[in-house]
Amino acid sequence: MEVVGTNPYTYVISNGYSLDTNGEDYTAPSENQASTKSSKDRGGRWERVTFKIVLSYHGGSFDGWQKQPGLNTVQGVVEKHLGQFVDEKKAKQLEARSLPLEGCAVVAGRTDKGVTALQQVCSFYTWRKDVKSNDIKDAINKAAPDKLRPLHVSQVSRQFHPNFAAKWRRYLYIFPLDEDVKPISGEEQSSKIVEGPECNIKPQSFDVGKVDKIIRQLEGKSLSYKMFARDTQASRSVGPPTECFMFHSRAAVAKLHTADENSEEGTTRAICIELVANRFLRKMVRVLVATAIREAAAGAEEDALLNLMEATCRRATAPPAPPDGLCLVDVGYEDFNRQRCFIVD
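Put into structure tokens, the structure is as follows:
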């Protein structure tokens, strides 16, 4: 992973997505959304054209994904520039309601303020037949240069839904370890202290190897949103729809390229935590990261996170880690393949 600057995700946004591409042009993963039957003989809703849009954006440049009045959000910027492709009927409806001419972008998963995305997926549809994939890509490309970048736009079946059709989401949490850290029993530790409005002071020292052992216990398990999510209604804490299945959960030490002239080797060590599940709820990844680190620093047993699933109060888990270390790497519409992960045995 080639990254430059204080935020490890800045490089790939301004220079294009490069992970796992070997420098080649980006190719979107298969949607596998059944139904490729032609709609030319159908009428009504079947005549609309649906586009799948894969986006990269720098989290620190936006106030999250979801459009909100007075805020600079990714959805707001994207929909504003999709407005030029809205069909005449939709345009008249918006005008009649004194609303701005904007498109509607449906997303695979909303990201919080400060969270970066390398391959976010959204969709847009219109009844206009003259709109092409490159038209949409060019429009979004001009929206926020170096902050927002469309990687790929393709016409897909109207049945495609970026959220409901997704089989898994992959997140990566990265933050630098202290420069003066010494290896402990072959592992790295950190004594960096981080403070923020949503997180406590980070433990002064922890073993990355221990974090990995604790977080690996989540693989193959169903996690309830009850303990590990935040800002959710009570109704979102009971039953299968309120659980996520964890396909992959690992932690390791990584080396990141840095622009720091004082760095002799031009790299800095960082802890990298990779989580892949069928879905996550609000702040869930950041809570899991913060809690795993807290438990490792306290010398807890490897099943610490599993034991916390039985707790009755969310205060038993740690406050969310800062959002600027989190990145939505990609969204999968095919069966999960562990070999695509960054951290593997």
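Under the working numbering, the first residue of the sequence shown is numbered 10, with each subsequent residue one higher. Ideal placement from N, C-alpha and C gives every residue a C-beta, glycine not left out.
May I have the straight-line CA-CA distance separating residue i from residue j, to the nearest angstrom?
{"i": "ASN316", "j": "ALA325", "result": "10 Å"}
{"i": "ILE355", "j": "GLY68", "result": "Limits of the chain in this structure are 10 at one end and 354 at the other, which puts residue 355 out of reach."}
{"i": "VAL165", "j": "GLY118", "result": "19 Å"}
{"i": "LEU103", "j": "THR277", "result": "51 Å"}
{"i": "ASP72", "j": "PRO332", "result": "11 Å"}
{"i": "ILE183", "j": "LEU335", "result": "7 Å"}
{"i": "GLY79", "j": "ALA309", "result": "44 Å"}
{"i": "ARG225", "j": "ARG347", "result": "14 Å"}
{"i": "TRP136", "j": "GLN129", "result": "24 Å"}
{"i": "VAL115", "j": "LEU232", "result": "26 Å"}
{"i": "PRO171", "j": "VAL58", "result": "15 Å"}
{"i": "GLY92", "j": "PHE289", "result": "30 Å"}
{"i": "SER70", "j": "ALA175", "result": "26 Å"}
{"i": "LYS264", "j": "ARG167", "result": "42 Å"}
{"i": "PHE105", "j": "ILE149", "result": "Note that residue 105 is Ala in the sequence shown, not Phe. When rounded, the distance between both Cα atoms is 26 Å."}
{"i": "ALA261", "j": "VAL353", "result": "10 Å"}
{"i": "VAL340", "j": "GLU97", "result": "32 Å"}
{"i": "LYS151", "j": "SER214", "result": "44 Å"}
{"i": "ALA153", "j": "TYR342", "result": "27 Å"}
{"i": "THR125", "j": "SER142", "result": "24 Å"}
{"i": "ARG291", "j": "LYS99", "result": "32 Å"}
Let me confirm a value: residue i is counted as buried when at least 16 other C-beta atoms fall within 10 Å, else exposed. Which label applies?
{"i": "GLU88", "result": "buried"}
{"i": "ASP312", "result": "exposed"}
{"i": "ALA299", "result": "buried"}
{"i": "GLY229", "result": "exposed"}
{"i": "SER158", "result": "This sequence places Arg at residue 158; Ser is not what is there. Buried: at least 16 other Cβ atoms inside 10 Å."}
{"i": "ALA327", "result": "buried"}
{"i": "ASP221", "result": "buried"}
{"i": "ARG295", "result": "buried"}
{"i": "ASP147", "result": "exposed"}
{"i": "LEU108", "result": "exposed"}
{"i": "ALA307", "result": "exposed"}
{"i": "PHE169", "result": "buried"}
{"i": "GLU319", "result": "exposed"}
Looking only at C-alpha atoms, which of the options sits nearest to residue i?
{"i": "LEU127", "options": "ARG178, ALA148 and LEU108", "result": "ARG178"}
{"i": "CYS253", "options": "MET293, ALA327, GLY308 and THR267", "result": "MET293"}
{"i": "VAL95", "options": "LEU284, ASP139 and VAL285", "result": "ASP139"}
{"i": "ARG303", "options": "GLU283, ASN287, VAL285 and ALA330", "result": "ALA330"}
{"i": "VAL285", "options": "HIS266, ALA301 and PHE345", "result": "PHE345"}
{"i": "THR251", "options": "ASN287, CYS113, SER142 and ALA100", "result": "ASN287"}
{"i": "LYS219", "options": "CYS113, HIS266 and ILE282", "result": "ILE282"}
{"i": "PRO185", "options": "HIS266, VAL124 and LYS141", "result": "HIS266"}
Starting from the C-beta of residue i, find all residues in its chain whose C-beta is less than 6 Å away, skip the five residues before and the five after it, and write them out in chain order.
{"i": "VAL338", "result": "LEU127, ARG179 and LEU181"}
{"i": "LYS76", "result": "THR82, GLN84 and GLY85"}
{"i": "ASP121", "result": "GLY73 and PRO332"}
Does chain D have any CB closer than 7 Å to the CB of residue i?
{"i": "LYS264", "result": "Although the question refers to chain D, the structure presented lacks it and comprises just one protein chain."}
For residue i, which three-state DSSP category applies?
{"i": "SER359", "result": "There is no way to answer for residue 359, as the model of the chain reaches only from 10 to 354."}
{"i": "GLU88", "result": "helix"}
{"i": "ILE352", "result": "coil"}
{"i": "SER258", "result": "strand"}
{"i": "SER231", "result": "strand"}
{"i": "GLY112", "result": "coil"}
{"i": "THR59", "result": "strand"}
{"i": "ARG324", "result": "helix"}
{"i": "GLY123", "result": "coil"}
{"i": "TYR342", "result": "coil"}
{"i": "SER107", "result": "coil"}
{"i": "PRO331", "result": "coil"}
{"i": "ALA307", "result": "coil"}
{"i": "ARG295", "result": "helix"}
Got a sec? Which residues, its chain only, sit under 8 Å from residue i by beta carbon, not counting five neighbours each side?
{"i": "GLU111", "result": "GLU88, LYS89, LEU91, GLY92, VAL95 and LEU103"}
{"i": "ILE145", "result": "PHE60, ILE62, LEU91, PHE94, PHE133, PRO159 and VAL162"}
Residues in its own chain within less than 7 Å of residue i by CB, not counting five upstream and five downstream?
{"i": "LEU227", "result": "MET255, SER258 and LEU314"}
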